[in-house]
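Enquirer: Chains as they are written, first to last, in my numbering: chain A, 920 to 1303; chain B, 62 to 340.
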Amino acid sequence: MAGEQITSEQKASETPWLDMDTKPLIRLSGVTKKFGEFVAINNVDLDIYEGELFCLLGGSGCGKSTLLRMLAGFETPTSGSIIIDGKDMSDVPPYERPTNMMFQSYALFPHMNVAKNIAFGLEQDNLPKGEIEDRIDEILKLVELQDYKKRKPQQLSGGQRQRVALARALVKKPKLLLLDEPLAALDKKLREQTQFELANIQEQVGITFVVVTHDQEEAMTLSSRIAVMDKGEFVQTGSPTDIYEFPESRFVADFIGSANILEGKVTEDSAAHVRVATDLGEIYIDHGQSTKQGSRVWVAIRPEKIHLSKKPSSKNGYNQAVGIVDDIGYLGNTSIYKIRLKNGHIVDVTAPNQIRPKNRTHSITWEDTVYLHWDASSAMLLKK
Amino acid sequence: MYRKRSKFLTFMLITGFSFLYIPMILLIVYSFNYSKIVPIWGGWSTRWYTELFKSEEVWEAVSLSLQIAFINAMFATILGTLAGLAMVRFGKFRGRTLFGGMLVAPLVMPEVITGLSLLVLFISLEQLIGWPSERGFTTITIAHITFSLAYVAVIIQARLTGMGQDLEEAAADLGAKPFKVLTSITFPRLAPGMLSGWLLAFTLSLDDLVISSFVTGPGANTLPILIFSRIRLGLRPDINALATIIILVVAICVAIAAFILFRQQKLQDQDEMMAARET
């Protein structure tokens, strides 16, 4: 026993997807789902590892929910295979899968109280009554609803219903928990708080979570990895940092956070750096990219990575621009500045409001001439 | 804001309700009329009520109507629920559109045609297999089930569509096999729909005159058939008394239904208040 534990601990690395030897818990290969002529999922491959909190992120109609429903067994792939825990799921109905799902609507049974709702799944396994009671108490303690056993779902607040739904899905200790927009029905404040709770619970129970969401902030805070989906395909898969700082396409750069995306031509391409001519002047990027000189590319710069100043930079060189403040969006903690360049191009810049302004006026205001500059590592080169 | 109610609207309101209720009030008043000739007032009396209670014919008709209505409601609810389930929950199957169309056809079919075609069916069946050997209780019940189940199916379909599939999927996801999902989730959720379907089927059957007249046989008089056949010989005060009793029974049923609805609403409000206090 002791020996086994050590090996499993060694195996459970923080980034199992980088380890060639780790076996995935879920393997999708060549999965396609068509509804009539409409292709909801187009030939996707994906491995998800044990203990991950994996997010499927995308706009409405991108196929993320269909994919989740295929994992749960409510839909069957038109072609391709889904393997969960080493078993092909093609002919396995939902009630025999080692998965449980938390529905967006929560789908709590309105004619049963909280305890009965949670007991339902355990009763299907014909567990002894005593054990069912114990498991209910244990899981209600985890979600902090011990005193609500006898309540009907209609008598609970939105946040409480959400936790009952989570408890009901978790109580069977599934190999895999599927969550369909778990926080979408909560208001903003509660949602932010629940994000952390959800991640904590996942860590405590150690069950693999697959979360579907359209909310990028939710995906960023929750996940170990994110798969960005568009039109039934994975556009990019990676850790939140990968996705945000190293997007592979304009779609991802624009979908996650915001970005100034500029079209340009490669003017110099060496092993260590790239120069691109754009509307923002010549942009110097200090990491090599395999591009061709003269080829058409895009450069994305995150608004918060551009420095804004009323004085020109003392350094001479690249990655600088001058413009006029066209508009300001004051968010309290930060402000968004729309800077109009001489050529009419508008650049978004966000800056933290670190200094509490005297006289209630900020130092940078409308029609000010401002100077922009950014680090050579900040710009991201995108080939598609 | 609403202090000045339009006179026109008040007038329309009174006229509308008058059209609805004056005939019934007249009927009730005349049922207490001593005179044998309906429109001539002969003083207050409960004479026709006592006569009504003595009439065996009337009691037989009431009993027959209630029996048919009850059996009809049972079968129509079961068959209609199954048909509704098939339409909404079985996904796409061959002939689904045709089946759906045929299911609602009895709703729009003129009653005369439904009655006539059923009569033709019963007669040919009798010639072919010797059953039903005579028309009456059985044939009326079968005829009523055929059209009532269409109404039940429509109610169940609407309710199922409104319910969505989340709860059933959640149950399946938690390990419940299809039959268990049906008994522990679908049916409890459908119960109010099935109850209203049952009640509708029951009243439709009690009401029906046209179809019953086609498929009935000698000696099998339902209440509407009896009333209609007696009224053909002229207005009769004992029928007024019968009608008054029917109105009373219906009014009591409506009051009970309203009370139940009111209580449900109150419970729901309480739940909502409880939920609001948690936030």
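Cβ coordinates follow ideal geometry from the N, Cα and C atoms, glycine included.
Give a yes or no on whether 8 Å exceeds the smallest Cβ distance from T340 (chain B) to chain A.
Expert: Chain A, which has a Cβ nearer than 8 Å to the Cβ of T340 (chain B), makes this yes.
Enquirer: Beta carbon of Y1014 (chain A), beta carbon of G236 (chain B): below 8 Å?
Expert: Yes, Cβ-Cβ distance for Y1014 (chain A) and G236 (chain B) is below 8 Å.
Enquirer: Check the Cβ-Cβ distances between M1020 (chain A) and every residue of chain B, and say whether any is below 8 Å.
Expert: Yes, contact with chain B.
Enquirer: Would you say the beta carbon of L88 (chain B) is closer than 7 Å to some non-hydrogen atom of the ligand HEM?
Expert: Absence of the ligand HEM is noted for the structure shown, with no ligands found whatsoever.
Enquirer: Can you name the start and end residues of the alpha helix (DSSP H) that T951 (chain A) belongs to?
Expert: Premise fails: T951 (chain A) lies in the beta strand (DSSP E), 945 to 954, not in any alpha helix (DSSP H).
Enquirer: Give every residue of the same chain whose Cβ lies closer than 8 Å to the Cβ of K1229 (chain A), excluding the five residues on either side of it in the sequence, and list them in chain order.
Expert: S1282, I1283, D1287, T1288, V1289, Y1290, listed in sequence order.
Enquirer: Counting pairs of beta carbons, one from the stretch 1058 to 1065 of chain A and one from the stretch 1006 to 1013 of chain A, are three or more of them closer than 8 Å?
Expert: No, the stretch 1058 to 1065 of chain A does not touch the stretch 1006 to 1013 of chain A.
Enquirer: Give me the residue from A:L1227, A:P1072, A:K1068 with the minimum Cα distance to E333 (chain B).
Expert: Comparing Cα-Cα distances from E333 (chain B) to each of A:L1227, A:P1072, A:K1068, the minimum goes to A:P1072.
Enquirer: With 16 as the cutoff for other CB atoms within 10 Å, does C981 (chain A) come out buried or exposed?
Expert: Buried.
Enquirer: My output table needs one value for P1017 (chain A): the three-state DSSP class, helix, strand or coil.
Expert: Note: P1017 (chain A) maps to coil in three-state DSSP.
Enquirer: Work out the CA separation of G977 (chain A) and F1174 (chain A) for me, nearest whole Å.
Expert: Rounded to whole angstroms, F1174 (chain A) to G977 (chain A) spans 8 Å at the Cα level.
Enquirer: For a cutoff of 8 Å on Cβ pairs, would you count K238 (chain B) as touching chain A?
Expert: Closer than 8 Å to some Cβ of chain A, the Cβ of K238 (chain B) qualifies, so yes.
Enquirer: Would you kindly report the start and end of the unbroken beta strand (DSSP E) that includes K1184 (chain A)?
Expert: It spans 1179 to 1188 - the beta strand (DSSP E) in which K1184 (chain A) sits, taken as one unbroken run.
Enquirer: Would a check of beta-carbon distances place E928 (chain A) closer than 8 Å to chain B?
Expert: Residue placement at E928 (chain A) is poorly supported in this model, since its pLDDT is 42, which falls under 50; the coordinates still yield a value, given next. Chain B contact via Cβ: absent.
Enquirer: I'd like to know whether the C-beta atoms of L986 (chain A) and L975 (chain A) end up nearer to each other than 8 Å.
Expert: Result yes, Cβ atoms of L986 (chain A) and L975 (chain A) sit closer than 8 Å.
Enquirer: For Q325 (chain B), does the count of other Cβ atoms within 10 angstroms reach 16, so buried, or fall short, so exposed?
Expert: Label assigned to Q325 (chain B): exposed.
Enquirer: What does DSSP give as the partner residue(s) for S998 (chain A) in the beta ladder?
Expert: A:T951, per the DSSP bridge assignment.
Enquirer: Mind checking the stretch 235 to 269 of chain B against chain A and listing, in chain order, the residues whose C-beta falls within less than 9 Å of any C-beta there?
Expert: Residues L235, G236, A237, K238, P239, K241, V242, S245, I246, P249, R250, A252.
Enquirer: Pick from A:I1145, A:I1202, A:Y968: whose alpha carbon is nearest that of P935 (chain A)?
Expert: Per the Cα distances, A:Y968.
Enquirer: Taking the beta carbon of N1119 (chain A) as the centre, do at least 16 other beta carbons fall within 10 Å, making it buried, or is it exposed?
Expert: N1119 (chain A) is exposed by the Cβ-count criterion.
Enquirer: To the nearest whole angstrom, what separates the beta carbons of G162 (chain B) and I216 (chain B), a pair I think is in contact under 8 Å?
Expert: Not really, about 18 Å apart at Cβ, beyond 8 Å.
Enquirer: Using DSSP's beta-bridge definition, name the partner residues of N94 (chain B).
Expert: BP columns for N94 (chain B) point to B:W105.
Enquirer: Give the interface partners of H1206 (chain A) over in chain B, defined as CB-CB distance under 9 Å, in chain order.
Expert: Correct list: empty, because the minimum Cβ distance to chain B is about 46 Å.
Enquirer: Do you know offhand how far F151 (chain B)'s Cα is from N133 (chain B)'s?
Expert: When rounded, the distance between both Cα atoms is 26 Å.
Enquirer: Starting from C314 (chain B), trace the beta strand (DSSP E) in both directions and tell me its first and last residue.
Expert: Element bounds for C314 (chain B): not the beta strand (DSSP E) but the alpha helix (DSSP H), 298 to 339.
Enquirer: Please confirm whether D332 (chain B) has its beta-carbon closer than 8 Å to some beta-carbon of chain A.
Expert: For D332 (chain B), the answer is yes, since a Cβ of chain A falls inside 8 Å of its Cβ.
Enquirer: Can you give me the start and stop residues for the alpha helix (DSSP H) that T202 (chain B) sits inside?
Expert: Segment 198 to 224, the alpha helix (DSSP H) holding T202 (chain B).
Enquirer: Determine, using beta carbons only, whether M224 (chain B) comes closer than 8 Å to chain A.
Expert: No - not a single Cβ of chain A is within 8 Å of the one on M224 (chain B).
Enquirer: If you draw a straight line from the alpha carbon of P1012 (chain A) to that of G1040 (chain A), how long is it in whole angstroms?
Expert: Between P1012 (chain A) and G1040 (chain A), the C-alpha separation is close to 15 Å.
Enquirer: Check each candidate in B:S92, B:T71, B:A262 and name the one with the smallest Cα separation from T305 (chain B).
Expert: Selected option, being the one with the closest Cα: B:S92.
Enquirer: Any C-beta of chain A within less than 7 Å: which residues of the stretch 155 to 173 of chain B qualify?
Expert: Under the 7 Å Cβ criterion, the stretch 155 to 173 of chain B contributes no residue.
Enquirer: Enumerate in chain order the residues of its own chain whose CB-to-CB distance from V165 (chain B) is below 7 Å, with the five nearest sequence positions on each side excluded.
Expert: Once the five neighbours on either side are set aside, the close Cβ partners of V165 (chain B) are A211, V215.
Enquirer: Can you tell which of A:D1198, A:D1205, A:F1170 has the C-alpha that lies nearest to the C-alpha of E1187 (chain A)?
Expert: It is A:D1205 whose Cα lies nearest to the Cα of E1187 (chain A).
Enquirer: Given that L228 (chain B) touches chain A, what residues does it touch there, using C-beta distances under 7 Å?
Expert: Neighbours of L228 (chain B) on chain A, chain order: A1026, F1028.
Enquirer: Decide if W1293 (chain A) is buried, meaning its Cβ has at least 16 other Cβ atoms within 10 Å, or exposed.
Expert: Flag for W1293 (chain A) reads buried.
Enquirer: For a contact meaning CB atoms closer than 7 Å, what does M335 (chain B) contact in chain A?
Expert: Near M335 (chain B) (Cβ distances below 7 Å), the residues of chain A are Q1074.
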